[in-house]
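Shown next, in structure tokens, is the structure this report addresses.
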Amino acid sequence: MNSKLFIKVGERESLPRAVLVTDEKNQVVGMIRRRDILRGLEPHGFFGRHAHHPKIFVEVEPDLNLIEAAFDHFCSRCLKQADEPVEKYMIPIEHTLNHDDHLMKIIYMIDLTGLSLLPVVKDSEVIGVVRTVEVLSEIAKMLDIE
13 MNSKLFIKVG
23 ERESLPRAVL
33 VTDEKNQVVG
43 MIRRRDILRG
53 LEPHGFFGRH
63 AHHPKIFVEV
73 EPDLNLIEAA
83 FDHFCSRCLK
93 QADEPVEKYM
103 IPIEHTLNHD
113 DHLMKIIYMI
123 DLTGLSLLPV
133 VKDSEVIGVV
143 RTVEVLSEIA
153 KMLDIE
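Quick note on numbering: our numbering labels position 4 of the sequence shown as 16, and the sequence is numbered without any gaps.
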């Protein structure tokens, strides 16, 4: 198994945009995107988006000039948040694609789920993912559009 978590696309390498989450039986239960990880690390209420008060008296925007002063607090809270279960922040995946599914089914499932990435299984084992970018690329090839 390769310990590098980078994906090579053409000549550039980048971190994956999403990682699949599996249960104890190695069944896909969700995915977590980079932005979900950042949301999970953000201390609750730090930027005001997670405050759930039934009655908001004053709408307050963070002062971006002062936000740097809270960096140490942010770092210590990130360490605490890193121990939170990933299930709190992942996007559940309830549907998968079969390795031999027709393109029309893939398009339908992406539309049905609203996800831009779906796992592909063969014999109940995940063998990869299909992203909307690959679907659009296949459509372009079919229509001879490059």
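Idealized CB from N, CA, C, for every residue including glycine.
{"Query": "Spatial neighbours of Tyr101 in its chain, beta-carbon cut-off 8 Å, leaving aside the 5 residues before and after", "Result": "Ile44, Asp48, Ile49, Arg51 and Gly52"}
{"Query": "Sub-8 Å separation of Met116 and Leu130 beta-carbons", "Result": "no"}
{"Query": "Ala30 classed as buried or exposed, judged by whether at least 16 other C-beta atoms fall within 10 angstroms", "Result": "buried"}
{"Query": "Among Leu109, His85, Ala94 and Glu99, the one whose alpha carbon lies nearest that of Asp135", "Result": "Leu109"}
{"Query": "Val142 burial status per 10 Å Cβ neighbour count (16 or more: buried)", "Result": "buried"}
{"Query": "Distance, Leu32 Cα to Pro97 Cα", "Result": "14 Å"}
{"Query": "Local conformation of Lys134 per DSSP, three classes", "Result": "strand"}
{"Query": "Cβ-Cβ distance between Ile139 and Val147 below 8 Å", "Result": "no"}
{"Query": "Reduced DSSP category for Asn14 - H, G, I as helix; E, B as strand; rest coil", "Result": "Any reading at Asn14 must be qualified, since the residue scores a pLDDT of 43, below 50, and its modelled position is unreliable; the value itself is stated next. Reduced to three states, the DSSP call for Asn14 is coil."}
{"Query": "Candidates Val40, Glu36, Thr34 and Arg46, of which the one nearest Pro28 by Cα", "Result": "Arg46"}
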